[in-house]
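A.B. asks:
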Amino acid sequence: EDKVVQSPLSLVVHEGDTVTLNCSYEVTNFRSLLWYKQEKKAPTFLFMLTSSGIEKKSGRLSSILDKKELFSILNITATQTGDSAVYLCAVYSGAGSYQLTFGKGTKLSVIP
Amino acid sequence: NAGVTQTPKFRILKIGQSMTLQCTQDMNHNYMYWYRQDPGMGLKLIYYSVGAGITDKGEVPNGYNVSRSTTEDFPLRLELAAPSQTSVYFCASRGGQNNEKLFFGSGTQLSVL
Chain A
990 EDKVVQSPLS LVVHEGDTVT LNCSYEVTNF RSLLWYKQEK KAPTFLFMLT
1040 SSGIEKKSGR LSSILDKKEL FSILNITATQ TGDSAVYLCA VYSGAGSYQL
1090 TFGKGTKLSV IP
Chain B
17 NAGVTQTPKF RILKIGQSMT LQCTQDMNHN YMYWYRQDPG MGLKLIYYSV
67 GAGITDKGEV PNGYNVSRST TEDFPLRLEL AAPSQTSVYF CASRGGQNNE
117 KLFFGSGTQL SVL
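Okay, here's the thing in structure tokens:
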């Protein structure tokens, strides 16, 4: 059974702090890993990673994948209250990559 | 550009009632999915479809049925609703096997009392 484990499950930081969110996985025939941000409604796409060691970056957010050690991290620098959300990690696996397996998410709260 | 549209946004059902959650997308995507999200539990796949006329079970299909008669629409049917089906339901779509970015609808909050 495919597994995606995120840590920590929740995190409270002050504005301006830097945070690192973790995602480890055990899946058959890994294909890609995706990060989503979920505020009150639908998850919104952040990054997709397919190759080890390549950093994806968008403003204050960045992510890297380690396919050898089977994990990914999502970094957020200079956090703002608008970064408060649940961050979801998900992995495509299998020959057809039809199914996307999600972790439980990390709830990030940024306080002024 | 509407993307993925789900209706209704909220619904309360009594135990044993049935209903259909509607999902339509206007991006000509082949792959469509139904997920449920319980508090603190992430997203669980109920059913998915890789094209019109083709559907398959996900991780938690019991109590649900789907159909895919057109590329645009992927309704989810709940028969004999149970309290365990209280959840937020998300429909999602993606372009195809080599296009892995999943687009989500805004969700349906369902309560079964």
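So the protein sequences, as listed, match chains A and B.
Quick note: the working numbering has the first sequence finishing at residue 1101, numbered continuously throughout.
Quick note: the working numbering has the second sequence finishing at residue 129, numbered continuously throughout.
Note that the Cβ used here is the ideal one computed from N, Cα and C, for glycine as well.
Values in this document were obtained by computation on a predicted structure and should not be read as measured data.
Would you kindly work out how many angstroms separate the C-alpha atoms of isoleucine 1021/A and leucine 1077/A, rounded to a whole number?
C.D. replies: Correcting the residue type first, residue 1021/A is serine in the shown sequence and not isoleucine. Rounded to whole angstroms, serine 1021/A to leucine 1077/A spans 14 angstroms at the Cα level.
A.B. asks: Counting only Cβ pairs nearer than 8 angstroms, list the residues of chain B close to tyrosine 1081/A.
C.D. replies: Glu116
A.B. asks: Report the three-state DSSP secondary structure of leucine 1098/A (helix, strand or coil).
C.D. replies: Per the sequence shown, the amino acid found at residue 1098/A is serine instead of leucine. DSSP places serine 1098/A in strand when its eight states are reduced to three.
A.B. asks: Helix, strand or coil for glycine 58/B? Go by DSSP, reduced to three states.
C.D. replies: coil
A.B. asks: For the pair the segment 1068-1082 of chain A and the segment 993-1007 of chain A, tell me if three or more CB-CB distances fall below 8 angstroms.
C.D. replies: yes
A.B. asks: I think leucine 1038/A touches alanine 1074/A, with their Cβ atoms under 8 angstroms apart; what is that distance to the nearest whole Å?
C.D. replies: Going by Cβ atoms, the distance from leucine 1038/A to alanine 1074/A rounds to 19 angstroms, so no, they are not a contact pair.
A.B. asks: DSSP state of aspartate 1006/A, grouped into three classes?
C.D. replies: coil
A.B. asks: At which residues does the beta strand (DSSP E) containing methionine 1037/A begin and terminate?
C.D. replies: 1033-1038
A.B. asks: Taking only the alpha-carbon atoms, compute the straight-line gap between serine 1051/A and glycine 32/B and give it to the nearest angstrom.
C.D. replies: 47 angstroms
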